[in-house]
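Undergrad:
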Amino acid sequence: MATLTGSKIIVVGGSSGIGLGVAAAALESGAEAVIVGRSADKLKAAEKRLAGAGRVRSLAADMANEADVARLFEEVGAFDHLVVTAGTPPPNYPIGEADMAFVRQFVDGKLIGAVMLAKHAVRTLKQDGSMTFTSGINKDRPPVPGGSVVSAIAGSFTYFARALALELSPTRVNIVSPGWVDTEMWDEIVGEAKAGYFDQMGARIPARKIATPADVAPAYLYLMQSEFMTGETLHIDGGQRLI
Ligand SMILES: NC(=O)c1ccc[n+]([C@@H]2O[C@H](COP(=O)([O-])OP(=O)(O)OC[C@H]3O[C@@H](n4cnc5c(N)ncnc54)[C@H](OP(=O)(O)O)[C@@H]3O)[C@@H](O)[C@H]2O)c1
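The sequence shown stops at residue 243 when you use this note's numbering, and every number in between is there.
1. What does the alpha-carbon distance come out to for the pair P142 and D62?
2. Give me the residue from G136, D99 and F198 with the minimum Cα distance to H235.
3. Taking 6 Å as the limit between beta carbons, can you name the residues of its chain near T85, skipping five residues before and five after?
4. Once you ignore the five residues that flank D80 on each side, which residues in its own chain have a CB closer than 7 Å to its CB?
5. Can you determine whether any heavy atom of ligand 1 sits closer than 7 Å to the C-beta of E32, and answer yes or no?
6. Using a threshold of 7 Å, is the CB atom of T88 nearer than that to any non-hydrogen atom of ligand 1?
7. I need the straight-line Cα distance from Y247 to E192, nearest angstrom please.
8. Can the beta-carbon of H120 be found closer than 8 Å to that of A46?
9. Within 8 Å, do at least three Cβ pairs link the region 177-185 to the region 223-241?
10. When the Cα atoms are used, what is the spatial distance from V76 to A51?
11. With S148 and I95 assumed to form a contact (beta carbons below 8 Å), what rounded beta-carbon distance in angstroms separates them?
12. Could you spell out the range, first to last residue, of the beta strand (DSSP E) harbouring S177?
13. Only counting the same chain, and skipping five residues up and downstream in sequence, which positions put a Cβ closer than 7 Å to that of P89?
14. Between K11 and A33, is the Cβ-Cβ spacing less than 8 Å?
15. Measuring alpha carbon to alpha carbon, tell me which of I175, L168 and M116 ends up nearest S156.
16. Based on the DSSP output, what are the partners of R57 in its beta bridges?
17. Measuring CB to CB, does F160 end up less than 8 Å from A219?
18. L72 and S58: beta carbons closer than 8 Å?
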């Protein structure tokens, strides 16, 4: 396993939720972290929470905007690992009622954004480094009704990584697929009902709890460090796919 000490890691989505957890774990491992999100305020607050002994900086960029993405990599320069956890709440309409503007915005932010990040990252990502993207349990256990779009997008990441792992070799490309994780995204989607959802699901899944970002961050660290993992989708869901 390669060490992360002294390596430079870009975490797109690092101002909140899973990405903030990955940034914290990377800093603990001695890495330097560049956290990226759209909101400068959220980034500043996250930087404060991370207090990474001078090893954390933030950069505002929208991964759905190619000029932003290009600028991001120009400003950071050479780096070792790209982690992408960014995402927004998915569409949840039955297909017959799909709001196509919202669907396109979601696909742009999540899938096209990932393609643009990969496109521009290759210029400055070290050859022996890695890219790790995020899919999720929705591809395996789609919410019904309304789960078809997020399920399709999450599923596509597995094949994105397999193809890119071949194309970019020896650079490694992988996916983390989390189950439910207690993050700000849930507050946005279900508000106060979150506690009820989590109590119910937490009692049902084999791990008997809902993950925190700290519970899933080690999957990202492992994929960055393991020199033999590439083209893989690593599930970390407490057994949620089994129920
Ligand atoms: N939480 C779960 O239960 C769960 C389970 C499985 C999979 N996932 C997936 O994991 C990903 C992260 O979820 P999370 O729960 O950590 O969400 P979160 O707490 O809402 O964090 C999302 C992060 O992404 C950033 N972001 C969103 N859109 C962006 C864009 N266009 N460009 C740059 N940054 C952007 C946000 O900052 P700004 O808003 O400032 O841009 C924020 O830092 C999502 O794709 C989600 O679908 C989550």
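Glycine is no exception: its CB is placed at the ideal position from the N, C-alpha and C atoms.
TA: Per the coordinate set shown:
1. Translated into the one-based positions of the sequence shown, residue 142 becomes position 142. Translated into the one-based positions of the sequence shown, residue 62 becomes position 62. Answer to the nearest angstrom: the Cα atoms are 27 Å apart.
2. In the sequence shown, residue 235 corresponds to position 235, counting from 1. Checked all of G136, D99 and F198; the closest Cα to H235 is G136.
3. As a first step, residue 85 must be located in the sequence shown, where it is residue number 85. Hits under 6 Å: G13, I18, G19 and T134.
4. For the purposes of this step, residue 80 is taken as the residue at position 80 of the sequence shown. Cβ neighbours of D80 beyond the five flanking positions: S7, K8, I9, K126 and G129.
5. Position 32 of the sequence shown holds residue 32. Result no, Cβ not under 7 Å from ligand 1.
6. Residue numbering aside, residue 88 sits at position 88 when the sequence shown is read from its first letter. For ligand 1, a non-hydrogen atom lies closer than 7 Å to the CB of T88.
7. No information on residue 247 is available, as it lies outside the stretch 1 to 243 that the chain covers here.
8. Position 120 of the sequence shown, counting from 1, holds the residue named residue 120. Position 46 of the sequence shown, counting from 1, holds the residue named residue 46. No.
9. Yes, they touch.
10. Position 76 of the sequence shown holds residue 76. Position 51 of the sequence shown holds residue 51. C-alpha separation (whole angstroms): 19 Å.
11. Your numbering for residue 148 matches position 148 in the sequence shown. Your numbering for residue 95 matches position 95 in the sequence shown. The pair is a contact, with the Cβ atoms about 6 Å apart (cut-off 8 Å).
12. Along the sequence shown, read from residue 1 onward, the residue named residue 177 stands at position 177. Unbroken beta strand (DSSP E) run through S177: R172 to P178.
13. Within the sequence shown, residue 89 is the residue found at index 89, counting from 1. Cβ neighbours of P89 beyond the five flanking positions: M185, E188 and I189.
14. Reading the sequence shown from its first residue, position 11 is the one you call residue 11. Reading the sequence shown from its first residue, position 33 is the one you call residue 33. Reading off the sequence, residue 11 comes out as Val, not Lys. Closer than 8 Å, so yes.
15. Sequence index remark: in the sequence shown, residue 156 carries index 156 (1-based). With distances taken between Cα atoms, S156 lies closest to I175.
16. Along the sequence shown, read from residue 1 onward, the residue named residue 57 stands at position 57. For R57, which the question treats as bridged, DSSP gives the partners V34.
17. Working through the sequence shown from its first residue, we reach residue 160 at position 160. Working through the sequence shown from its first residue, we reach residue 219 at position 219. Cβ atoms of F160 and A219: not closer than 8 Å.
18. The residue given as residue 72 occupies position 72 in the sequence shown. The residue given as residue 58 occupies position 58 in the sequence shown. No.
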